[in-house]
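Written below as structure tokens is the structure these notes are about.
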Amino acid sequence: MFALVHLVPGDPVRLALGTRFSQETYDALRERSGLDRPLVEQFFTWFARALGGDLGVSFRSGDTVTSLIAERLPATLTLAFASILVALVIAIPLGTLSALRPRSVVDRVATVLSQIGISVPDFWMAIVLILVFAGTLGWLPTGGYVPLSEDPGGWLARLVMPAVVTGVVSGSVITRFVRSSVLEALGADHVRTAQAKGLPTRQVFTWHVVRNALLPLVTVTGVQLAYLLSGVVVVEIVFSWPGLGQLALQSVEARDYPVLQGAILLFALVFLVINLVVDLLYTAIDPRIRR
Amino acid sequence: MTAPVLEVSDLRVRLRTPRGPADVVNGLSYTVGPGETVAVVGESGSGKSVSVLALLGLLPARVATVSGRALLQGEDLLTMKPERLRQVRGPGAGMVFQDPMTSLNPVLTIGRQLIEGIRAHGDVDKAAARRRAADLLGEVGLPDPERALDRYPHELSGGMRQRVVIAIALSNSPALLIADEATTALDVTVQAQIIDLVEKLQAERGTGVIWITHDLGVVAGIADRVLVMYGGRCVEDGTVDDVLERPAHPYTRGLLGALPDLAEPVDGVVPDLATVPGTPPPPTDLPKGCVFWPRCPVRGDARCEHEQPPLAVIGSAAATLPHRAATWCTEGPEGGRAG
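These protein sequences, in sequence, are chains A and B. If you're matching positions, the first sequence starts at 1413 in our numbering and goes up one per residue. If you're matching positions, the second sequence starts at 83 in our numbering and goes up one per residue.
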């Protein structure tokens, strides 16, 4: 990861200084940021500091990387969780309905919708939403972000569109998983046992179908959440959402190695943590995994 | 004789399949008396399982069309309202399924699965239902029933799981117990234990039993009556003695010929196992005459190819349980097995 970042052509010092600068300032800045030293040495210096929680300083702004990330984190968390909420609200009922009536009208409509949701580019959906809801109707602001603590109404108004765009994409993926896992659970032998016991239909459904369809749902939701948390670059840019995806993109453009490395490290951590949480949920859901 | 627990007449099941409609059960009629065990035998695909699943409305309604009549204690199961049918599943008829590895929900405890069945049919509080569940597990011979309640299916062996499935089926003291290949997946010693258990419970409670199997050894041990199914029809029925000792239908004879008979080696050599050549007809394309005609080694009557022989009484019609067979060819090349 470290190597990859440094392999990208382009000189961060040159980019940071702009078009007019003297050789002295260039050398001074290069020395100060440690870029004149061998790559291996740079790596170990960075690594040792990172272990201690010091991710370095941005070439561009001079702020610490941790403060830059901390600044962006609330926006990213907000958008990711709102999106996953939208995704589940779409996917669970739609997937379940299509599994209950396979090849029915509902099922076909759901399949077409999720196909559209997966294939329509998110920036296009974002632009259409902006044109309709911010432009023509004027109901919602075109973008930006306000913290919840400052202006709850504005926070929600600005959150709706980006959350819907990313939520629809994730929701389309999850719908398919819900459909196939509910379908599989419905066909299980033990569901017939439950029916033969004379349980009411709802009880059969809740405890013998849905309960068993949860495992794949948790997996795919985890994957989608990790993806959302590592920043949805295009959507963040279209909606001027100050999240981590935007930060990562800006630091790529500026060859701002410390910030980029910090962001990537965070994304890796997010994946690890989410996988851990998913595994813990598995054991809670399925007793067969407990031992 | 007292009123039968179950009276099935002209049961027909048609399934919608990708290859067209499949007539899986074609006019099946039989009765099960209280305390009586009726064994339904036949090859895989003969319609045994489907015919009992149809009784309890356990076939998916989208693909299955069921017609006929099935009176359980005087009430027709096939025309029942869904809510009434739900009430009947359990106290009216309990069912034990073939594969104990898959017929229990892997993510719920044994206790939960028993208790929910008990509580679905009566105002029983949790503690009482739990006591009853533990009693049931004790009855079916599960060691340490109290602890078993808190276990999950994967923590038990196949035999133990099947006991749990039986306990579930018995939990509402059903008038009728349907065992669909209940011991097929189990090893022989466990199989014997399960059969003993069902017989004991049956003697205590007077439950009528339908025992579906393709194991004729089990039939001889457990059944009062035997119904031989082929191509979705009953081709022969009667008492165990009649059917197993004096089989009339060429198919039944073929089935019995396919039993390894260890007792009678010829010249010190055990003869090769006889088989019924061929496979059962696909239910999407049943023969127009006798269902067994394509595989029949006898074909003793010109009508067989074009006409289905009716189920007719052979032997003494005066017997309380007449021996019937759907064939015109009661005199085959082999005669009766007992000779």
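Glycine included, every Cβ here is placed at the ideal spot set by N, Cα and C. All of these numbers come straight from a predicted model, not from anything done at the bench.
Residue i, enclosing beta strand (DSSP E) - first and last residue
i, result
"W293 of chain B", "290-295"
"I396 of chain B", "394-396"
"R1591 of chain A", "R1591 of chain A -> not in any beta strand (DSSP E); alpha helix (DSSP H) instead, spanning 1564-1598."
"D383 of chain B", "Segment: none, D383 of chain B is in no beta strand (DSSP E) and carries neither H nor E."
"T119 of chain B", "119-123"
"L154 of chain B", "146-154"
"G320 of chain B", "315-321"
"D1668 of chain A", "Careful: D1668 of chain A lies outside any beta strand (DSSP E) and carries neither H nor E."
"Y312 of chain B", "307-312"
"S91 of chain B", "88-99"
"R406 of chain B", "405-407"
"A175 of chain B", "175-178"
Selection from the options that minimises the alpha carbon distance to residue i
i, options, result
"D1475 of chain A", "A:P1564, A:T1605, A:R1520, A:P1670", "A:P1670"
"C372 of chain B", "B:A261, B:V325, B:T366, B:Y333", "B:Y333"
"V1544 of chain A", "A:L1677, A:M1573, A:Q1527, A:P1450", "A:M1573"
"A394 of chain B", "B:R406, B:H388, B:T402, B:Q155", "B:R406"
"A261 of chain B", "B:A215, B:I197, B:V280", "B:V280"
"C386 of chain B", "B:C411, B:I396, B:P363, B:G397", "B:C411"
"V1373 of chain A", "A:S1445, A:P1559, A:F1456, A:P1450", "Residue 1373 of chain A is absent from the model: chain A starts at 1413 and stops at 1703."
"G139 of chain B", "B:A330, B:T366, B:G172", "B:G172"
"A408 of chain B", "B:P359, B:R315, B:Q169", "B:R315"
"V90 of chain B", "B:G127, B:V148, B:A104", "B:V148"
Where residue i falls, given that 16 or more other Cβ within 10 Å makes a residue buried
i, result
"P415 of chain B", "Note that P415 of chain B scores a pLDDT of 45, beneath 50, so its modelled location is shaky and nothing firm can be said."
"T1508 of chain A", "buried"
"G417 of chain B", "Here G417 of chain B scores only 41 on pLDDT, less than 50, and its place in the model is too uncertain to base an answer on."
"R1383 of chain A", "With chain A running from 1413 to 1703 in the structure shown, residue 1383 of chain A is simply not present."
"L1549 of chain A", "exposed"
"V145 of chain B", "exposed"
"L1497 of chain A", "exposed"
"P100 of chain B", "exposed"
"L1480 of chain A", "buried"
"L1688 of chain A", "exposed"
"D1448 of chain A", "exposed"
"V107 of chain B", "buried"
"Q180 of chain B", "buried"
"V95 of chain B", "buried"
"L1692 of chain A", "exposed"
"W1551 of chain A", "exposed"
"R1591 of chain A", "buried"
"K1609 of chain A", "buried"
"Q244 of chain B", "buried"
"G102 of chain B", "exposed"
"Q1658 of chain A", "buried"
"L1451 of chain A", "exposed"
"G150 of chain B", "buried"
"E228 of chain B", "exposed"
Continuous alpha helix (DSSP H) stretch holding residue i: start and end
i, result
"N254 of chain B", "First-last for N254 of chain B: undefined, no H or E at that position."
"N187 of chain B", "Counting along the chain, N187 of chain B falls outside any alpha helix (DSSP H), and DSSP gives it neither H nor E."
"L1627 of chain A", "1623-1641"
"V1532 of chain A", "No alpha helix (DSSP H) contains V1532 of chain A, which DSSP labels as neither H nor E."
"A104 of chain B", "It is not in any alpha helix (DSSP H) - A104 of chain B instead sits in the beta strand (DSSP E) that spans 102-114."
"V272 of chain B", "270-287"
"E1648 of chain A", "1645-1650"
"L196 of chain B", "192-201"
"I1502 of chain A", "1477-1512"
"L27 of chain B", "Absent from the model: residue 27 of chain B. The displayed extent of chain B is 83 to 421, so no value can be given."
"P227 of chain B", "227-230"
Proximal residues of chain A, C-beta to C-beta of residue i below 9 Å
i, result
"I250 of chain B", "T1605, A1608, K1609"
"L258 of chain B", "Those within 9 Å of L258 of chain B in chain A number zero; the least Cβ separation is about 12 Å."
"L138 of chain B", "Q1607, A1608"
"Y234 of chain B", "P1699, R1700, R1702"
Beta-carbon neighbours of residue i, restricted to chain B and to distances below 7 Å
i, result
"W1619 of chain A", "L190"
Contacts that residue i makes with chain A (C-beta to C-beta distance below 8 Å)
i, result
"Y312 of chain B", "The contacting residues do not exist; Y312 of chain B stays about 25 Å from chain A at best."
"V106 of chain B", "Result: empty, since nearest Cβ-Cβ is about 17 Å, beyond 8 Å."
"V247 of chain B", "T1605"
8 Å Cβ cut-off: residues of chain B touching residue i
i, result
"I1542 of chain A", "Those do not exist, as I1542 of chain A stays about 44 Å from chain B at its closest Cβ, beyond 8 Å."
"I1697 of chain A", "V189"
"D1601 of chain A", "F179, D181, T184, S185"
Proximal residues of chain E, C-beta to C-beta of residue i below 8 Å
i, result
"G199 of chain B", "Among the chains of the structure shown, chain E does not appear; the protein chains present are A and B."
Select from the stretch 201-218 of chain B all residues with a C-beta closer than 7 Å to any C-beta belonging to chain A, and list them in chain order. A202, H203
Give the residues from the stretch 156-172 of chain B that approach chain A closer than 9 Å (Cβ to any Cβ), ordered along the chain. P164, E165, L167, R168, Q169, V170, R171, G172
Between the stretch 1478-1498 of chain A and chain B, which residues of the former have CB atoms less than 7 Å from a CB of the latter, in chain order? none
Interfacial residues, the stretch 172-185 of chain B to chain A, with Cβ spacing under 7 Å: G172, M177, F179, D181, T184, S185
Near-chain B residues of the stretch 1611-1645 of chain A - C-beta to any C-beta below 9 Å: L1611, P1612, T1613, Q1615, W1619, H1620, R1623, N1624, L1626, L1627
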